[in-house]
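Here the structure comes first, spelled out in structure tokens, and everything after it is commentary.
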Amino acid sequence: MRIAVIKKEDCIAPKECNYICQKACPINRAGKECIVIGEDGKPVINEELCIGCGICVKKCPTKCIHILNLPEELKTQALHRYSKNGFKLFRTIVPHFGKVVGVLGPNGIGKTTAISILAGLIYPNLGRVGEKPEEKEIIDFFKGTEAQAYFEKLFKKQIKLAYKPQYVDAIPKEFDGKVMDLLKKVDKLGKIEEVTKKLGIYEILNRDIKNISGGELQRVAIAATILKGANVMFFDEPSSYLDIKQRLNIAKLIYELANEQTSVNVIEHDLIVLDYISDLIHIMYGKRGVYGVVSHPMSSKNGINTYLSGYLKDENVRFREYPIRFEVKPPLESKNVIVLTKWGEIKKKLGDFELAVSPGEIYVNEVVGCLGENGTGKTTFAKILAGEIKPDSGEIDKKIKISYKPQYIKAETSQTVAEVLSNVTKEFGSDSYRLQIIKPLQIDYLLNHKVNSLSGGELQRVAIAVCLSQDANLYLLDEPSAYLDVEQRLLVAKAIRELIKKRNASALIIDHDLLFLDYLSERLLVFKGKPSVKGETVGPLSMRQGMNLFLKEVNITMRRDGQTNRPRINKLGSVKDREQKEKGEFYYE
Numbered sequence: 007m008r009i010a011v012i013k014k015e016d017c018i019a020p021k022e023c024n025y026i027c028q029k030a031c032p033i034n035r036a037g038k039e040c041i042v043i044g045e046d047g048k049p050v051i052n053e054e055l056c057i058g059c060g061i062c063v064k065k066c067p068t069k070c071i072h073i074l075n076l077p078e079e080l081k082t083q084a085l086h087r088y089s090k091n092g093f094k095l096f097r098t099i100v101p102h103f104g105k106v107v108g109v110l111g112p113n114g115i116g117k118t119t120a121i122s123i124l125a126g127l128i129y130p131n132l133g134r135v136g137e138k139p140e141e142k143e144i145i146d147f148f149k150g151t152e153a154q155a156y157f158e159k160l161f162k163k164q165i166k167l168a169y170k171p172q173y174v175d176a177i178p179k180e181f182d183g184k185v186m187d188l189l190k191k192v193d194k195l196g197k198i199e200e201v202t203k204k205l206g207i208y209e210i211l212n213r214d215i216k217n218i219s220g221g222e223l224q225r226v227a228i229a230a231t232i233l234k235g236a237n238v239m240f241f242d243e244p245s246s247y248l249d250i251k252q253r254l255n256i257a258k259l260i261y262e263l264a265n266e267q268t269s270v271n272v273i274e275h276d277l278i279v280l281d282y283i284s285d286l287i288h289i290m291y292g293k294r295g296v297y298g299v300v301s302h303p304m305s306s307k308n309g310i311n312t313y314l315s316g317y318l319k320d321e322n323v324r325f326r327e328y329p330i331r332f333e334v335k336p337p338l339e340s341k342n343v344i345v346l347t348k349w350g351e352i353k354k355k356l357g358d359f360e361l362a363v364s365p366g367e368i369y370v371n372e373v374v375g376c377l378g379e380n381g382t383g384k385t386t387f388a389k390i391l392a393g394e395i396k397p398d399s400g401e402i403d404k405k406i407k408i409s410y411k412p413q414y415i416k417a418e419t420s421q422t423v424a425e426v427l428s429n430v431t432k433e434f435g436s437d438s439y440r441l442q443i444i445k446p447l448q449i450d451y452l453l454n455h456k457v458n459s460l461s462g463g464e465l466q467r468v469a470i471a472v473c474l475s476q477d478a479n480l481y482l483l484d485e486p487s488a489y490l491d492v493e494q495r496l497l498v499a500k501a502i503r504e505l506i507k508k509r510n511a512s513a514l515i516i517d518h519d520l521l522f523l524d525y526l527s528e529r530l531l532v533f534k535g536k537p538s539v540k541g542e543t544v545g546p547l548s549m550r551q552g553m554n555l556f557l558k559e560v561n562i563t564m565r566r567d568g569q570t571n572r573p574r575i576n577k578l579g580s581v582k583d584r585e586q587k588e589k590g591e592f593y594y595e
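Remember, my numbering sits 6 above the position in the sequence shown when you count from 1.
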């Protein structure tokens, strides 16, 4: 089966391209209409006439055309297509009552589309653009599967749905009023006080929805979803904006929602949270913005390990050229290290918040991760090191060159990505730069895009590229994993590690994804204290010491997966959990 997809947002015809694809097509040149001009002035490809020669793909100046040959078995499994030559989704996620179903896959692969169909927000057209199949035809499409029973109940309105959207920052644009007003509007359980206390937002109930932080807004959205009293719930990226402690807390809460009468479904890019929260996992694979395929459900452990391997054995599909592996890193030996920079006691007061930094140092060729709750001073410390704010007492090393990527990125320039990168490094355009920065960060297709038109994930990768492109001894990156999917996070981590070693530089990374920090860091700087009141640092410590210190505080134990070496959270109260706590080993046994 062949599909042809044109990303029309990238197509520059007819203003800047005189339909090169149409003129180059051998079928058109033979007198048939394989590529025609649509009503919107953009090219349209006839998939039945297309021979898959790839000439139009190569000739297209913006690389917006994708011609792909897919397995014939998918021909009868198309669930939805947005438009002619648009994104195509195959198969569906299957909700299971009494279980939490996780969804794992890269951005742009159709995860949100799949959940929107299950939530009744999108009516599936079975791949036939412009048509609305009868409900019976959709039910027959899933005949003999568990999805058949689900859609029968959905169409009979026997399912009560609750959906937490991916982009919670849109809520203040649609609702005006206090947090309590919003929750009262949706509450069917009469448990506002109980749920908000569990989520740590009880104290903000009387605040205006427009005056709360992203993390608070995320937890309000989760609370609203729970309070609707639905029997099928969907949570799209519930850990965004949350610190590690909050992520683990919401993971416990969401996991407890599933029972015989309730189905819980979660899209999540934090693998540790997804592993902890899920009973079953669907992998979604394909090509970003082109097509997506939903795998058959697997156990949580098997699903994540299969995703990391890049190969679906039961479908004989390799969706990634290489497996992702985790290393067991031995502690650094002090006799083999060279100190890059050090600091003594540092103190800084910002309003009602006080930060006390204990003496520490960073070695050459190492990555130090920063771990701690929101509001304990991680970003403040990074800004002190970067010279953006001055400490009240104590001094920092001003002799080293520092490149800093801030937590919040502004896309104010109308320059292209290529123009921005060429302004920060003379290496732009060289083969080595392409291999070290452009390819690992997957920004080659963005080079001709204007910065102010990029999505959150695209902007994040460009900001990381800008930071890593500069000549520096120390690279400070504040929350580089934000808005990135699992694979992008691990590719970014790998790119940082390899670049640091090559340049004999070092990096300080602030992040809330435990797996990302475990994959990337050699040591940890732990931030403790009372959020927004007082923060203090411990370390840098070895990974074992630093993680053990933090995990003990949040009462969580972790182990390594025997197959992939990835870190996994033990279920609370499990045999492994009890054994490790008795030994005082919260981070790996």
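For every residue, glycine included, the Cβ atom is placed at its ideal position computed from N, Cα and C.
These numbers were taken from a predicted model, which means no experiment stands behind them.
Bridge partner(s) assigned by DSSP for residue i
i    : result
Y439 : None; Y439 has no bridge partner.
S409 : Y481
K353 : A362 and S399
Y169 : F240
D583 : The partner list for D583 (beta bridge, DSSP) is empty, contrary to what the question assumes.
T422 : K456
E367 : K348
T431 : None; T431 has no bridge partner.
R5   : Any property of residue 5 remains undetermined from this structure, which presents the chain solely from 7 to 595.
E542 : A362 and K534
Among the options, the one whose alpha carbon lies nearest that of residue i
i    : options                   : result
I344 : G357, P244, I228 and E367 : E367
V423 : K179, Q448 and Q569       : Q448
K445 : R467, V430 and S89        : R467
P244 : A236, K251, A227 and G235 : A227
D182 : Y208, I210 and N217       : N217
Q421 : H455, G400, L280 and A392 : H455
L523 : Q569, D276, G357 and I123 : D276
S580 : N561, E54 and P303        : N561
L314 : I470, L496, V185 and D187 : L496
Q400 : W349, K389 and I443       : The question names Gln, but residue 400 in the sequence shown is Gly. Residue W349 is the option with its Cα nearest to G400.
K536 : F359, V50, Y328 and V472  : F359
E15  : V185, P49 and K251        : P49
E137 : Y169, K149, T151 and L85  : L85
Q494 : G463, K508, C473 and H518 : G463
I18  : A10, A469, T68 and S548   : T68
V492 : S246, Q267, L263 and K405 : S246
S487 : Q413, D146 and F147       : Q413
G44  : T268, S89 and I273        : S89
Y261 : K251, K534, G108 and R574 : G108
Contact belief for residue i with residue j at Cβ below 8 Å, rounded distance in angstroms
i    : j    : result
I215 : I177 : 7 Å
D285 : V106 : 5 Å
L124 : T98  : 7 Å
T312 : I278 : Not quite, the Cβ-Cβ distance comes to about 17 Å (not below 8 Å), so this is no contact.
L205 : L259 : 7 Å
I443 : L474 : 6 Å
K194 : L248 : Rounded, the Cβ-Cβ distance is 25 Å, inconsistent with contact.
Residue i to residue j span [Cα, whole Å]
i    : j    : result
G590 : R503 : 31 Å
L361 : K293 : 45 Å
G91  : G309 : The residue asked about is misnamed: residue 91 is Asn in this sequence, not Gly. Approximately 31 Å between the Cα atoms of the pair.
L346 : A501 : 20 Å
S331 : A499 : For clarity, residue 331 is Arg in the given sequence; the question names Ser instead. R331 and A499: Cα-Cα distance of roughly 12 Å.
S438 : K13  : 29 Å
S461 : Y489 : 9 Å
G435 : N429 : 12 Å
D281 : S306 : 6 Å
T431 : T419 : 18 Å
K389 : N458 : 25 Å
N271 : A10  : 31 Å
K577 : G104 : 17 Å
C31  : G47  : 18 Å
I26  : G37  : 16 Å
L223 : E79  : 43 Å
E209 : D517 : 26 Å
L555 : K197 : 34 Å
Exercise for review: Count the C-beta pairs between the stretch 51-63 and the stretch 109-118 that are closer than 8 Å, then say yes if the count reaches three, no if not.
Suggested key: No, they do not touch.
Check your understanding: Any contact of the stretch 565-574 with the stretch 536-549, i.e. 3+ C-beta pairs under 8 Å?
Key -> Contact between the stretch 565-574 and the stretch 536-549 is absent: fewer than 3 CB-CB pairs across the two stretches fall below 8 Å.
Exercise for review: Report yes or no: do the stretch 477-488 and the stretch 409-429 share at least 3 C-beta pairs separated by less than 8 Å?
Suggested key: Yes: the two stretches touch, three or more of their Cβ pairs being nearer than 8 Å.
Check your understanding: Between the stretch 156-171 and the stretch 196-204, are three or more C-beta pairs nearer than 8 Å?
Key -> With the cut-off at 8 Å, the stretch 156-171 and the stretch 196-204 do not touch.
Check your understanding: Is it a yes or a no for the stretch 348-357 touching the stretch 373-380, going by three-plus beta-carbon pairs under 8 Å?
Key -> A contact between stretches requires three or more CB pairs, one per stretch, nearer than 8 Å, and the stretch 348-357 fails this requirement with the stretch 373-380.
Review point. Can at least three beta-carbon pairs, one atom from the stretch 293-308 and one from the stretch 73-86, be found at a separation below 8 Å?
Key: Per the Cβ contact rule, the stretch 293-308 is in contact with the stretch 73-86 (3 or more Cβ pairs under 8 Å).
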